[in-house]
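So the protein lines, in turn, are chains A and B.
The opening residue of the first sequence carries number 0 in numbering that gives the first Met the number 0; numbering runs sequentially from there.
The opening residue of the second sequence carries number 0 in numbering that gives the first Met the number 0; numbering runs sequentially from there.
We treat Cβ as the ideally placed atom computed from N, Cα and C, and that holds for glycine.
Number of protein chains: 2
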Amino acid sequence: MTSKHATVRDLRRTNRATVLSRLYFDGPLSRFELSGITGLSAATVSNVTAELVRERLVVEAGQVESDGGRPRVLLRVDPGYAMVAGVDIGETGVKAELFDLAMNRLAAVDLPLPSKRGNSKQAEPAAVVAQAAAGLREVLAGVDEDKVLGVGVGVPGTVEQEPVRVHAQTIGWHDVPLADLLCEAGVSVPVFVENGAKTQGQAEMWFGAGRGARHAVILLIGSGVGASVITDGTIYRGSASSAGEWGHTIIQYGGRRCRCGASGCLEAYVGGEAIVERYRAVRRGKAVAGADEQANLATLLVAAEKSKTAARVLDEAADHLGAGIANLVNLFNPERIVLGGWAGLAIGARLLPRITEAVRTQALRRPFEQLTIELGKLGPDAVAVGAATLPVAALLDQRGTR
Amino acid sequence: MTSKHATVRDLRRTNRATVLSRLYFDGPLSRFELSGITGLSAATVSNVTAELVRERLVVEAGQVESDGGRPRVLLRVDPGYAMVAGVDIGETGVKAELFDLAMNRLAAVDLPLPSKRGNSKQAEPAAVVAQAAAGLREVLAGVDEDKVLGVGVGVPGTVEQEPVRVHAQTIGWHDVPLADLLCEAGVSVPVFVENGAKTQGQAEMWFGAGRGARHAVILLIGSGVGASVITDGTIYRGSASSAGEWGHTIIQYGGRRCRCGASGCLEAYVGGEAIVERYRAVRRGKAVAGADEQANLATLLVAAEKSKTAARVLDEAADHLGAGIANLVNLFNPERIVLGGWAGLAIGARLLPRITEAVRTQALRRPFEQLTIELGKLGPDAVAVGAATLPVAALLDQRGTR
DNA sequence: CGCCTAAATTCAAGATGTGAACGAAAGGGC
DNA sequence: GCCCTTTCGTTCACATCTTGAATTTAGGCG
């Protein structure tokens with residue numbers, strides 16, 4: 000309803016949440032600094048922090064002398080207060096990781112998915128759920144469940160919330176109640192599910208190349224292509240959480256067929272799978288036979304040093320990517336664009352200047368000037384890290400609402 | 000800074016603002032109904048409305064008997080409390096209108112701009128400012144200025160706020176301090192400036208085809224192409240207010256040259272000017288000589304009844320428009336898309352089914368199913384109406400902050 | 001005229017943020 | 001060693017706000 004505040008108690012919740020968030024993101028801070036940053040009076044900060052300390056969520060962390068006067072006592076969120084798990088469901092495998100509140104990795108496990116290449120559907124929900132539950136059991140082995148805030152899951156498809164329903168047109172998932180399925184498979188901590196591009200985006204925003212930006216777009220270029228749009232600090236979801244499907248925007252009307260059914264989608268030009276495919280087609284089968292796309296793309300990148308054909312394929316991909324990014328620039332006017340995903344990172348490492356130049360020529364001048372384009376800092380684990388931030392996010396803005 | 004509430008006084012402001020907004024948008028309401036809608040207690044509603052009535056912003060508006068008990072007294076914002084002006088700066092003319100608070104049109108005037116077709120720049124800022132000021136003088140003649148809340152101006156370019164700077168790549172405006180210029184030209188009421196597509200969008204959201212939607216995109220297809228993206232009820236501006244430049248997104252990589260300098264922009268395929276141009280090219284000069292684009296497009300639409308060539312040009316435009324809309328659907332996942340602008344309304348009246356079908360085949364299935372596509376309800380005056388809503392919007396959320 | 005119902009207002013209670021006063025913890029000068 | 005200064009943190013009286021309950025108001029109906 001009028002979700003905003005009405006009662007004087009909501010005020011307290013809001014203030015608790017902002018203090019807690021500030022402490023979480025801006026590291027150890029003294030009460031004095033908190034007062035300046037949050038705009039709250041010193042009295043209120045004292046009040047709120049006392050509560051948080053009493054609940055053991057926040058702990059003292061040393062002192063800082065302040066020329067002459069009483070030293071400031073630093074406060075920070077206790078990393079050991081709780082743990083969170085993150086699961087990255089990819090098209091070929093499942094990754095499960097365990098973190099403390101400060102996102103230090105405590106455990107990790109990688110499980111393959113049965114590849115039924117013969118079968119049209121790549122991964123049955125049941126098989127995926129089984130592997131995810133197995134992975135979680137492994138990283139949570141010997142851990143007190145009361146200490147686990149929850150588990151976040153990043154999936155390659157759009158996720159509707161309340162109730163959680165996963166749709167992934169490209170791998171044949173429709174209306175999959177993933178959270179419920181995981182519960183039934185024995186996962187007994189709270190489950191949060193979100194699109195993988197969005198979890199990766201949150202990870203880069205919180206800890207990676209997106210830090211400090213209020214408007215940004217984090218790109219996920221793997222086999223497929225996705226994006227996470229951050230508007231004024233929060234992930235944009237649209238009316239049914241499926242916003243940000245950048246990979247299936249059309250940049251070449253009537254162009255190459257895409258696995259989504261339409262023609263000329265960006266994904267058909269710049270997705271890792273598409274690029275490798277393209278190289279294969281251009282060379283008429285004379286190359287890259289292996290099944291591992293990541294290895295194939297690496298081979299292609301090396302080949303481009305000498306082969307003009309290979310270089311041309313990559314340049315073409317970079318130019319099309321530039322067009323796709325230019326569209327984002329014109330539509331969203333972000334201050335930063337971050338290139339992530341295994342294919343994005345691989346291509347970007349070598350071709351970022353060309354990509355940037357392609358954006359410059361195809362975007363409007365003004366918004367381009369207000370933009371920086373960077374590579375992701377968290378590598379391919381970002382999806383799992385971001386998934387694990389979901390329970391943390393819930394903690395940060397619910398603290399007090401419970 | 001932490002713009003959100005901190006003190007218990009801000010709470011009052013917020014509640015005043017929500018009550019006032021509710022009264023403004025949802026017409027006459029009783030205190031009892033207000034209590035239900037806003038979630039506030041009856042006591043608070045009584046309190047807040049008493050204040051608003053005392054300030055003459057809200058007045059009683061009749062009664063409604065409620066089976067048996069004390070009848071409810073209806074309250075509404077007093078349309079006569081103040082007036083607002085709206086100016087629509089187009090590429091060929093300036094429109095100025097005066098409204099009361101309920102957006103009843105009290106006066107209107109249309110002034111042409113000196114067309115320097117020979118000159119490369121279409122409209123010097125100075126000439127535009129002079130005409131706008133003249134128009135305002137005319138509609139404000141004999142009006143008590145204290146009663147005028149302010150004037151909103153819709154311009155065909157992006158508008159950076161604080162300080163106001165207008166950039167319009169297509170008509171050669173760079174860094175134009177329009178608000179200041181209007182002040183210097185003798186406009187003595189508060190001036191608000193915003194992109195025309197955005198003001199049109201706000202008008203359709205408040206009073207037209209967008210009512211009730213929280214996520215929507217309002218398209219403005221005139222000579223050029225623009226859009227206003229509404230995310231969760233508010234216009235999306237991006238980091239420097241230039242978000243929503245949909246017309247210059249690329250849908251045909253390497254395609255037709257656009258006046259913005261890039262190739263394959265949507266505007267080069269579906270803008271009113273582009274369509275007429277296209278028809279002229281296809282017929283090799285055999286047609287449409289007049290200078291008035293609107294008349295030319297009308298002619299084309301009639302010709303399409305019989306001429307296959309004309310029909311083909313229009314169908315092609317509709318299909319490309321479908322691709323452009325599909326991109327919006329995939330990126331923003333809106334619940335509604337509204338087609339506006341003189342060209343959009345003209346084409347849509349005849350081709351909406353074809354456009355919708357084109358969207359269906361090119362967008363992802365799920366977000367398409369959650370979408371409706373409609374024509375704008377306010378006609379070509381929407382830009383001016385929306386401009387006039389800017390001071391009203393300021394009133395609605397500042398009431399109490401002042 | 002009195003009774004009944006429902007809306008609107010009043011009132012006391014509970015919760016919160018704030019500024020000012022107060023207390024605490026250092027360093028520096030003598 | 002003592003006192004002063006500086007700066008951070010806490011306490012407390014106060015003003016403001018929302019709320020639920022009690023009370024008042026305004027009509028309909030018998």
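{"Check": "Euclidean distance between Cα positions of Leu180 of chain A and His173 of chain A", "Outcome": "14 Å"}
{"Check": "Helix, strand or coil at Thr157 of chain A according to DSSP, with G and I counted as helix", "Outcome": "strand"}
{"Check": "Interface flag, Gly243 of chain A vs chain B, CB-CB below 8 Å", "Outcome": "yes"}
{"Check": "Contact under 8 Å by Cβ, Ala261 of chain B with Ile250 of chain B", "Outcome": "no"}
{"Check": "As assigned by DSSP and simplified to three states, the class of Ile372 of chain B", "Outcome": "strand"}
{"Check": "CB of Pro390 of chain A within 8 Å of CB of Pro189 of chain A, strictly", "Outcome": "yes"}
{"Check": "Residue(s) in a DSSP beta bridge with Val358 of chain A", "Outcome": "For Val358 of chain A, which the question treats as bridged, DSSP gives no partner whatsoever."}
{"Check": "Val210 of chain B versus B:Leu19, B:Ile336, B:Val358, B:Arg12, residue with shortest Cα-Cα distance", "Outcome": "Just to set this straight, residue 210 of chain B is Arg in the shown sequence, not Val. The candidate whose alpha carbon is nearest that of Arg210 of chain B is B:Ile336."}
{"Check": "Boundaries of the alpha helix (DSSP H) in which His319 of chain B is found, first to last residue", "Outcome": "307-331"}
{"Check": "Under 8 Å between C-beta atoms of Gly92 of chain A and Ala208 of chain A", "Outcome": "no"}
{"Check": "Distance, Ile36 of chain B Cα to Ala16 of chain B Cα", "Outcome": "13 Å"}
{"Check": "Distance cut-off 7 Å: Gly134 of chain A Cβ against heavy atoms of the ligand MG", "Outcome": "Annotation note on the ligand MG: not contained in the displayed structure, which lists no ligands."}
{"Check": "Beta carbon proximity, Lys120 of chain A to chain B, threshold 8 Å", "Outcome": "Residue placement at Lys120 of chain A is poorly supported in this model, since its pLDDT is 47, which falls under 50; the coordinates are not used for a value here."}
{"Check": "Reduced DSSP category for Glu90 of chain A - H, G, I as helix; E, B as strand; rest coil", "Outcome": "coil"}
{"Check": "Spatial distance of Lys197 of chain B from Glu356 of chain A (CA atoms)", "Outcome": "29 Å"}
{"Check": "Three CB pairs or more closer than 8 Å across the stretch 260-278 of chain A and the stretch 218-229 of chain A", "Outcome": "yes"}
{"Check": "At least three beta-carbon pairs within less than 8 Å, the stretch 73-81 of chain B to the stretch 94-110 of chain B", "Outcome": "yes"}
{"Check": "Interface partners of Ser238 of chain B on chain A, CB under 7 Å", "Outcome": "Arg213, His214, Asn332, Pro333, Glu334, Gln369"}
{"Check": "Amino acids of chain B, ordered along the chain, whose beta-carbon sits closer than 8 Å to that of Ala42 of chain A", "Outcome": "Simply none; closest approach about 12 Å."}
{"Check": "For Ile170 of chain A, three-class secondary structure by DSSP", "Outcome": "helix"}
{"Check": "Rounded separation between Gln168 of chain B and Asn329 of chain A - CA only", "Outcome": "13 Å"}
{"Check": "Rounded distance between the beta-carbons of Val165 of chain B and Gly195 of chain B, thought under 8 Å", "Outcome": "The Cβ separation is near 11 Å, so there is no contact."}
{"Check": "CB contact check: Pro176 of chain A to chain B, cutoff 8 Å", "Outcome": "no"}
{"Check": "Cα-Cα separation, Arg11 of chain A to Ala316 of chain B", "Outcome": "55 Å"}
{"Check": "Beta strand (DSSP E) segments (min. 3 residues) lying fully within the stretch 216-241 of chain B", "Outcome": "224-230"}
{"Check": "Option in A:Glu276, A:Glu50, A:Ser240, A:Gly38 with minimal Cα separation from Arg398 of chain A", "Outcome": "A:Glu50"}
{"Check": "Pair within 8 Å by beta-carbon distance, Gly134 of chain B and Val150 of chain B", "Outcome": "no"}
{"Check": "Distance between Asn46 of chain A and Leu320 of chain A (C-alpha atoms, nearest Å)", "Outcome": "51 Å"}
{"Check": "Distance between Val58 of chain B and Arg365 of chain B (C-alpha atoms, nearest Å)", "Outcome": "46 Å"}
{"Check": "Residues of the stretch 361-387 of chain B with Cβ closer than 8 Å to any Cβ of chain A, in chain order", "Outcome": "Gln361, Ala362, Leu363, Arg364, Arg365, Pro366, Gln369"}
{"Check": "Positions along the stretch 258-287 of chain B whose CB lies within less than 7 Å of some CB in chain A", "Outcome": "Cys259, Ala261"}
{"Check": "Amino acids of chain B, ordered along the chain, whose beta-carbon sits closer than 7 Å to that of Thr248 of chain A", "Outcome": "Asn326, Asn329, Leu330"}
{"Check": "Three-state secondary structure assigned by DSSP to Arg136 of chain A", "Outcome": "helix"}
{"Check": "Asn103 of chain B (DSSP reduced to helix, strand or coil)", "Outcome": "coil"}
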